[in-house]
Amino acid sequence: MKNALLSFLLILSVVTKIIAQEKPNIILIMADDLGYEALEAYGNDFNKTPQIDRMIAKGMKFENTHSMPLCTPSRVQLMTGKYNFRNYLGFGILDPKETTFGHLLQEEGYTTCIVGKWQLYGNEIQRKLVEGKVGSLPSEAGFDHYRLWQVNDRGSRYKDPLLDSRETGLEFFEGKYGPDLFVDYMEDFMESQGNQPFFVYYPMVLTHDPFEPVPASKAFPAYNPKTRLNDPELFPDMVTHMDHLIGRILKKVNDLGIEENTLILFIGDNGTDRDVVSSVNGELLRGNKGYTNDLGTHVPMIAYWPGKIKEGSVNNNLIDFTDFVPTLLDVAGAKKANKPFTDGISFYPQLTGNQNNKEVREWVFCHYDPNWGKFAPRTFIHDTHYKLYQNGEIYNLKQDLYEKSPLNKSELDKEGKKTIQKFEKVLRKMNTK
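Residues in the sequence shown are numbered from -18 upward in steps of one, following my numbering.
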């Protein structure tokens, strides 16, 4: 009986290992303050991104992905799969009561890692004003390993960075460059996993201001970040370095022999900084981070998974940041019983071309109340053509990117009126209070 039990346990161990090996790895990369118009693939006339172009050539480019207009609202929505009116506490805060995609993928047998920008623990003033804890630490938010900027201490994110990691705590890296150190840590993590499926979330610090010299710049060795240089003319260099780091990740996945078992997703967290003006197909477009027009929410998105995603495919469907949690759970093979409530729609069938299960969203809803800066709360819904705000304003997104000319409902054609009526019904159903 004892030998039979040992044999059963041995077989169970082998089966468990095989199942673990079959689960695909997931890498989610999110650039900071990078709207769609900043990339060559979306029409930028100047910024060159050969590694992102490589992802597109071998993967899927999404044309209509929308974030929240600002970083914390986007991150909270992305990590939880819920609209902000359900769980947003304030700028720089992730509610410690929330279940994130880190927790959910841990439950599916994944080892989780996060590198890059945190900024979700709140600040010292917030913690003094509110009784109890108002923010989340990375290990409490579902991550086994991390190297991050701005967990509890700010410091520099670029040259001479002050970074926090699970293994060594807070460290100052004199003469080093933060974005490079994040990828160093990420590469070491991937090497250590063997056959264990992993999830890496990489919320980049690039391309957020301050706009400073990158390591390839002649000015980098002598640059002192304490001078607080913030020159938008350096933004293209930062885009180039961001692209270089993506190339490093692609190479490491290939070198480890896990390319065909690893989904890599690349997105931006919100629109580009307003100090950055891009030439896009000959037209000058100003970044609109923080604002609710198309240039504040329309972000790039690329999916790369050799052998799974049709090469060079283009996806014109609407994608919303609530869609990532259900998608990642589908990628992980989670059972229906293990899937929590989300506001999102899984786009996993769109990646794999499963025509029998290809639900797509008809609209994107946004409840935006960042409680930061001078940004006014706004609630709206849109598709690729029209946008309706809760106060009744209507805009034609194809003709009015900056939303300067609101329309009257009576001006719309039959299809336009039908669309707005549908939007009105959705807004009435959303109990944002």
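For each residue, glycine too, the CB sits at the ideal point set by N, CA and C. Since the structure is predicted, the reported quantities are computational estimates derived from the model, not experimental observations.
Secondary structure in the region 338 to 399: the beta strand (DSSP E) runs of 3 residues or longer, each lying completely within the stretch, are 345 to 349, 359 to 363, 367 to 370, 375 to 377 in chain order. Secondary structure at Asn274: coil, using DSSP grouped into helix, strand and coil.
Within the DSSP bridge table, the entry for Met41 names Ala284, Ser294 as partners. Within the same chain, Cβ atoms closer than 6 Å to the Cβ of Gly62 are found at Thr303, Val306, Thr323, Gly325, the five residues on either side in sequence being excluded. Ser117 places its beta carbon less than 7 Å from that of Leu75. Thr93 is bridged by DSSP to Phe180. DSSP places Met167 in the uninterrupted alpha helix (DSSP H) bounded by 159 to 173. In the DSSP assignment, His225 falls within the alpha helix (DSSP H) that extends over 216 to 236. Relative to His366, the option among Val257, Arg229, Trp344 whose CA is nearest is Trp344.
Burial check for Glu240: the Cβ neighbour count within 10 Å reaches 16 or more, so the residue is buried.
Within the same chain, no residue comes within 7 Å of Asp381 by CB-CB distance, once the 5 residues on both sides are set aside.
From the listed residues Gly263, Gly238, Thr273, Leu246, the smallest Cα separation to Arg255 is found for Thr273. Look at Gly249 here: in three-state DSSP terms it is strand. A Cβ-Cβ contact shorter than 7 Å links Val312 with Ile7. Annotation: Arg342 to Asn298 spans about 7 Å, alpha carbon to alpha carbon. In the displayed model, Glu152 falls within a strand according to three-state DSSP. Apart from sequence neighbours up to five positions away, the residues of its chain that approach Ile245 with a beta-carbon distance below 6 Å are Ile8, Tyr285, ordered along the chain.
Here Asn412 is exposed: its Cβ has fewer than 16 other Cβ atoms, across all protein chains shown, within 10 Å. Short of 7 Å from the beta carbon of Asp224, and not among the five residues preceding or following it, lie these beta carbons of its own chain, in chain order: Thr30, Pro31, Gln32, Ile33. Cβ contact annotation for Glu88 (same chain, cutoff 7 Å, sequence separation greater than five): Asn319, in chain order. DSSP places Met411 outside both helix and strand once states are collapsed to three, so it counts as coil. Phe66 and His348 do touch by the CB rule: their CB atoms are close to 4 Å apart, below 8 Å. By the Cβ rule, the region 119 to 136 counts as touching the region 76 to 95, because three or more pairs are nearer than 8 Å. With fewer than 16 other Cβ atoms from the protein chains shown falling within 10 Å of its own Cβ, Arg409 counts as exposed. Residue range 6 to 12 is occupied by the beta strand (DSSP E) that includes Asn6. Residue environment: Gly373 is assigned as exposed (fewer than 16 neighbouring CB atoms within 10 Å of its CB, all protein chains considered). In the DSSP assignment, His84 falls within the unbroken alpha helix (DSSP H) covering 82 to 88. About 16 Å separates the Cβ atoms of Lys42 and Asn262, ruling out a contact at the 8 Å cut-off. Taking each of Pro184, Tyr166, Glu121 in turn and checking the Cα distance to Arg56, the smallest one comes out for Pro184.
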